Amino acid sequence: MNNTGRCLCCGLPLPEQDQLYHAKCLKRLFGSQRIPALNYTQDELNALAKKTVLSRISVPGVQPKLSLHLEHGTPRTHSRLTLVGLEGNYILKPQTPQWRHLPEAEHFCMLLARNCHIATAEFGLIPLKSGELSYITRRMDRDSNKKLHMEDFCQILNKVTAQKYNGSMEQIGRALREYSDVAGLDAIRLFELTVFCFLTGNSDMHLKNFSLLRRENGTVELSPAYDLVPVNIILPEDTEELALTLNGKKRRLKRTDFEKYAASLKLTSIQYSKAMDRIISLVEDNLSTVLSASFLPEDMRNAIEALVSDRISRIS
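Okay, so the sequence shown: first residue is 1112 according to this note's numbering, each after it adds one.
Okay, here's the thing in C-alpha cells:
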C-alpha cells in the first residue's frame, strides 16, 4: 500500500497523506478522477497466474501479465477493474516471487522515459486488496473504445514469437523506414529509445517490444514506448546489454556502435550527434529526481544509479 504521501503515477508529493494519485494523473490513466476498485489479493493473482492458459486472461510474455477491463461506475457506484479475456483495455503486472520489486522497477523506467521526453504508454502503480503494488498500463491499441491496428516487429518481420530475439536493431530500422508515415522523425525516436534502453540496463527489448501503431487518422508511426524494465538490475547475471544485435553486438557497446546504427537509420551526422547528446543529457539530468520519485528500495536505487553512470561514461 502507498504510505509515502506520493502519487502512484508520477511519484510527486500528494496534497493529502491518504490519497493515492493526483486528480490529473487519475484522469490521464483511468479517464476518471475516481480510483477504480481492484478487488484481488496477491494470493488470488498468484493462483490465477498458474492457470493462465486455461483462463485466457493472460497476455503473452515471460512476466505474469493479466488482462483487465475497466467498468465505469455511476455517480453512486465506483468503477472497477475486472479480469477478462485478451480484449481488456488494461494490463496488470503483479509482484512475482522470481524478481524482486519488478512492478516498481518498470514504473521507474517508464517514468524516467517520460521525463526524458520519450512518448510512453499510460502507466502507474495500483495497490491490490492485500496491499501489494502492481504495475498497470493502458493498452494503446484501444482508443475511445475503438480498436486500433498495432503490429509489433515480430509480426512485421514475419517471425513467430519464439524468434523474438532473432533479429537486429538495424532490421527494425529498415522496416520502420519502409512502413512509417513519419519515417524521418520515427528514426530519431527509435534511435533515442535504443540509447535510453542501453543506458538504463534494459537488455530485453526484443522484436515484440517495438511496434507500429495506426492512429485514428490513419497515420502509421512508431508506437509509444512500453515494457521498459532495467533488466540488468533485476537479473544482474544477464551479461547482455541489448536483446537484439546492434552493429553485430549485444555486449561491450561503444559510442561508435551507436554512430554506425544511426547511419543505418539514415540519420545525418548532425542528427546523430544532437540525438545522442540530447538523450544522454536528459537521462543524466533526470535520473536523481526520478529515482527519488520511484518506489524502489534504496539498494536498487543505488544499483541503478551506478549502472547508468557507468553506461553514460562509456558512450559520452
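Glycine residues also receive a C-beta, built at the ideal position from the N, C-alpha and C atoms. Note that the structure is predicted; figures quoted are calculated from it, not measured.
Could you tell me the alpha carbon to alpha carbon distance between residue i and residue j, rounded to whole angstroms?
i	j	result
Ser1375	Asp1263	20 Å
Phe1141	Asp1252	15 Å
Lys1340	Ala1224	One point to set straight first is that residue 1340 is Val, not Lys, in the sequence displayed. Val1340 and Ala1224: Cα-Cα distance of roughly 11 Å.
Trp1210	Ala1216	10 Å
His1189	Ala1148	7 Å
Met1411	Lys1270	35 Å
His1133	Glu1409	24 Å
Phe1309	Leu1324	24 Å
Asp1154	Leu1244	13 Å
Leu1407	His1212	7 Å
Leu1137	Thr1367	42 Å
Leu1353	Tyr1337	16 Å
Asp1388	Gly1329	33 Å
Tyr1151	Phe1234	19 Å
Leu1378	Ser1291	15 Å
Glu1332	Val1293	6 Å
Ile1415	Thr1400	13 Å
Ser1380	Asn1277	29 Å
Pro1118	Glu1127	According to the sequence as given, residue 1118 is Cys; it is not Pro. If I take the Cα positions, the gap works out to 10 Å.
Pro1124	Ala1286	42 Å
Gly1116	Tyr1383	41 Å
Leu1165	Gly1196	Residue placement at Leu1165 is poorly supported in this model, since its pLDDT is 39, which falls under 50; the coordinates are not used for a value here.
Met1261	Ile1267	10 Å
Leu1159	Tyr1372	42 Å
Gly1184	Asn1343	41 Å
Val1170	Thr1272	Here the model assigns Val1170 a pLDDT of 44, short of 50, so the residue's position is not dependable and the matter cannot be decided.
Cys1120	Gln1144	13 Å
Pro1214	Glu1281	30 Å
Ile1168	Leu1192	With a pLDDT of 42 at Ile1168, under the threshold of 50, the predicted position of this residue should be treated as unreliable, though the coordinate-derived value follows. Approximately 13 Å between the Cα atoms of the pair.
Leu1194	Pro1335	24 Å
Lys1257	Asp1297	24 Å
Asp1315	Leu1398	20 Å
Mapping the DSSP letters down to three states, classify residue i as helix, strand or coil.
i	result
Ser1322	strand
Ser1245	strand
Tyr1201	strand
Met1316	coil
Ile1106	Nothing can be reported for residue 1106, as the shown portion of the chain is limited to 1112 through 1427.
His1432	Residue 1432 falls outside the range modelled here, since the chain spans only 1112 to 1427, and no answer is possible.
Thr1207	strand
Phe1406	coil
Asp1263	strand
Ala1273	helix
Ile1229	coil
Glu1432	Summary: the structure shown does not reach residue 1432, with the chain confined to residues 1112 through 1427, and so no result is reported for it.
Ile1250	Strictly speaking, residue 1250 in this sequence is Arg, with Ile absent from that position. Coil, per DSSP.
Thr1356	strand
Tell me whether the beta-carbon of residue i lies closer than 9 Å to the beta-carbon of residue j.
i	j	result
Thr1356	Ser1279	yes
Gly1199	Ser1405	no
Pro1175	Lys1204	yes
Ile1247	Leu1236	yes
His1317	Cys1265	yes
Ile1283	Ala1386	no
Met1221	Thr1207	no
Leu1402	Phe1219	yes
Would you please state the rounded distance, in angstroms, between the beta carbons of residue i and residue j? I believe it to be under 8 Å.
i	j	result
Lys1361	Glu1351	5 Å
Glu1327	Leu1259	7 Å
Arg1422	Lys1365	In fact, because the Cβ distance is near 11 Å, the residues do not count as touching under 8 Å.
Cys1227	Phe1321	Contact doesn't hold; Cβ gap of about 17 Å is too wide.
Lys1275	Lys1319	5 Å
Arg1250	Ile1202	6 Å
Gly1428	Leu1418	Absent from the model: residue 1428. The displayed extent of the chain is 1112 to 1427, so no value can be given.
Ile1445	Leu1131	Since the displayed the chain opens at 1112 and closes at 1427, residue 1445 lies outside it and no answer follows.
Quick check: is any heavy atom of the ligand FMN less than 8 Å from the C-beta of residue i?
i	result
Ser1424	The ligand content of the structure shown is nil, which means the ligand FMN is not present either.
Would you verify that the beta carbon of residue i is, or is not, closer than 9 Å to some beta carbon of chain D?
i	result
Gln1128	The structure shown contains no chain D, having only a single protein chain.
message: Taking 8 Å as the cut-off, does the region 1376–1395 touch the region 1302–1311 (at least 3 CB pairs, one atom from each stretch)?
response: Counting Cβ pairs under 8 Å, three or more are found: they touch.
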